[in-house]
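For reference, the structure is listed below as structure tokens.
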Amino acid sequence: MSILVVMFAGVLVGALVFPEKYKKHNERLQVVCTVLLIFSMGVMLGRREGFLQQLASMGLLSLLFAVASIAASTVLVFLLTRWLMDKKKGGK
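For the sequence shown, my numbering gives the first residue as 26, with consecutive numbering after it.
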């Protein structure tokens, strides 16, 4: 729940307070933070005992989870886009 509160606070700051001239710097900062997050997750995984032995089974499960998430997201975005575009054009 706290993650959603922090994200909503960021949305409000971005929409109401954050100047447009700093947009490029903010984009770069987001990329750097994302890279650091992924790196730190890799370090945590690499320090786990038996990680390399578990990688095969975890890899397959992760692949299935990723494919299911991508498929569901794609279908949802397609349906919402279609519905919102029809609504905007005065359709349904």
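Beta carbons: idealized from backbone N, C-alpha and C, even for Gly.
Asked, Found
"Straight-line Cα distance separating K112 from P44", "32 Å"
"Assigned secondary structure, K26 (DSSP; H/G/I helix, E/B strand, else coil)", "Per the sequence presented here, residue 26 reads as Met, with Lys not at that position. Here M26 sits in coil by DSSP."
"DSSP state of V42 mapped onto helix, strand, coil", "coil"
"Pairwise C-alpha distance: N51 and V42", "13 Å"
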